[in-house]
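Read through the structure below, which is laid out as structure tokens, and then see the notes.
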Amino acid sequence: MNDCCFNPNEKMLTTDEAIRFLLERSKATEQVETIKTLDSLGRVLAEPIISTLNVPPMDNSAMDGYVTRFSDLDDSGETSLPISQRIAAGHVGNNLETGTAARIFTGAPVPEGADTIIMQEQCQQQGDNVVINGKIIKGDHIRRAGEDIAEGSEVMSIGQKLRPQDMGLIASVGIADIKVFKKVTVAIFSTGDELLMPGDPVEPGKIYNSNRYTLSGLLQKIDCEIIDLGCVPDNLDATIDAMQRAAEQADLIMTTGGVSVGEEDYVKAAIDKLGSVEMWRVAMKPGKPVAFGEVNNTPFIGLPGNPVSVFVTFCLFARPVIRTMQACSDVLPRRMQVTAGFDWPRKGPRREFVRGQLINDEQGIQKVHTYSSQSSGVLTSTVWAHGLIEIPENTTVKMGDTLNWLDFSELLS
Ligand code: AMP
Ligand code: MG
């Protein structure tokens, strides 16, 4: 990575400024499609979900037991009542005769006239009667109609990214098909004469292309369609050609490597010919050079080449852009707080995103630890880690300090 041609006096962007600029320039898709609720995992809702019914639809039993009128129970604590009917889940019983109890099972509708359920552990069947013992509270063990969802209420709003529990809730109000925003298609290619594809024999001076795989996995994780244009050699014509093909087919173009302005970096030069590009030096570690632009109205993000920088800049910059393009309402990752299990005596002018692991000490107290190498080429750090520790600019850290934490569960979803 060669950034000799950047003006050293030029002010670097902070990470927050870079994210803000990117989000200002990103547009949400308006294209929608109708899909099965069952196939909607990870998709983004394009309509609110309004319930046309109560959930549960009727008062029903939360227990296996007996149902009766509270007023028919004896104050002495023991009551014997004839069993007048049996009501299983999915079946509607008759009105409950006064002075009787009905056998009832979990999920079965409470019959008209009844108001209290007694769990079977407090009941003993004796011939055609049930003997009920113990303290009973009026209205016990009844799940009320509309307790979960009231008819007419909005249970989910536009822009919500659907998780398994969301799919269940939509199904619980009886909706089998939903409108979602169309998937964002991302065309990717890696640049570099040094790159070999995994499966190819080893060659002197070459390395395997890991970025293609990392990027592909990152994009799959956030539900993108991928057009993989493979690997492009370090020359202007090949880079222009790949960039044009990408712009024709995709909603977003994303590249790795070649994004500085060194002699062997052709990404900026290619886009200068085809569209417009801004090169940013972001005051962060790992990362630094990130490019943003457009080719024939297709937005472009150029990530750095170093494998850890690709991972981190994707999570911090590309992911929020894609989430915005997907019309997702939840764009930025939530930060959590963790306790440092390490000292960080060197302060630096750039914000650091340090690969960390959460470990419980002997007292069961969770602390965060850092990987032995934080070099931007050491991809093993990202495999070892559970997330990124955010160390602010010009800051040292002492064991026990509270730090911001970006968990991979936030960044990779
Ligand atoms: P560049 O930004 O192109 O100067 O690349 C910076 C560093 O990342 C160099 O050491 C490259 O060899 C390495 N690199 C670039 N692209 C890839 C890739 N696709 N897979 C693995 N390493 C890469
Ligand atoms: Mg390169």
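For the sequence shown, position 309 matches number 300 in my numbering, and the numbering has no gaps at all. Backbone N, C-alpha and C fix where the C-beta goes; we use that ideal spot for every residue, glycine too.
task: Report yes if the C-beta of residue 406 is less than 7 Å from at least one heavy atom of the ligand AMP; otherwise report no.
output: Outside the modelled stretch of the chain, which goes from -8 to 404, sits residue 406, for which no answer is possible.
message: Assuming contact is defined by CB atoms lying nearer than 8 Å, are residue 265 and residue 281 in contact in what I supplied?
response: no
- prompt: Just to confirm, does residue 249 get its C-beta within under 7 Å of one of the non-hydrogen atoms of the ligand MG?
  reply: yes
- prompt: Which residues bound the beta strand (DSSP E) around residue 336?
  reply: Segment: none, residue 336 is in no beta strand (DSSP E) and carries neither H nor E.
For residue 312 and residue 322, the rounded distance between their alpha carbons: 8 Å
task: Mind checking which residues open and close the alpha helix (DSSP H) that includes residue 21?
output: Unbroken run through residue 21: none, as it is neither H nor E.
message: Please give the ranges of any alpha helix (DSSP H) in the region 2 to 84, keeping only runs that are unbroken, at least 4 residues long and fully inside the region.
response: 6 to 15
- prompt: Taking 7 Å as the cut-off, does the CB of residue 352 come closer than this to any heavy atom belonging to the ligand AMP?
  reply: no
- request: Report whether the distance from the Cβ of residue 30 to the nearest heavy atom of the ligand AMP is below 7 Å.
  value: no
message: So for residue 215, helix, strand or coil by DSSP?
response: coil
task: Express the C-alpha separation of residue 364 and residue 372 in angstroms, rounding to a whole number.
output: 7 Å
- request: For residue 27, count neighbouring C-beta atoms within 10 Å of its own C-beta (all shown protein chains included) and say buried if the count is 16 or more, exposed if not.
  value: exposed
query: Would you call residue 261 buried or exposed, if buried means 16 or more other Cβ atoms sit within 10 Å of its Cβ?
result: buried
message: Among the candidates 318, 310, 354, whose CA atom is the shortest distance from the CA of residue 22?
response: 318
task: Specify the secondary structure class of residue 110 as computed by DSSP and reduced to three states.
output: strand
query: Out of curiosity, what's the CA-to-CA distance linking residue 63 and residue 116?
result: 17 Å
message: Rounded to whole angstroms, what is the Cα-Cα separation between residue 339 and residue 277?
response: 12 Å
query: Tell me the DSSP bridge mates of residue 375?
result: Answer by DSSP bridge pairing: none, since residue 375 is not bridged.
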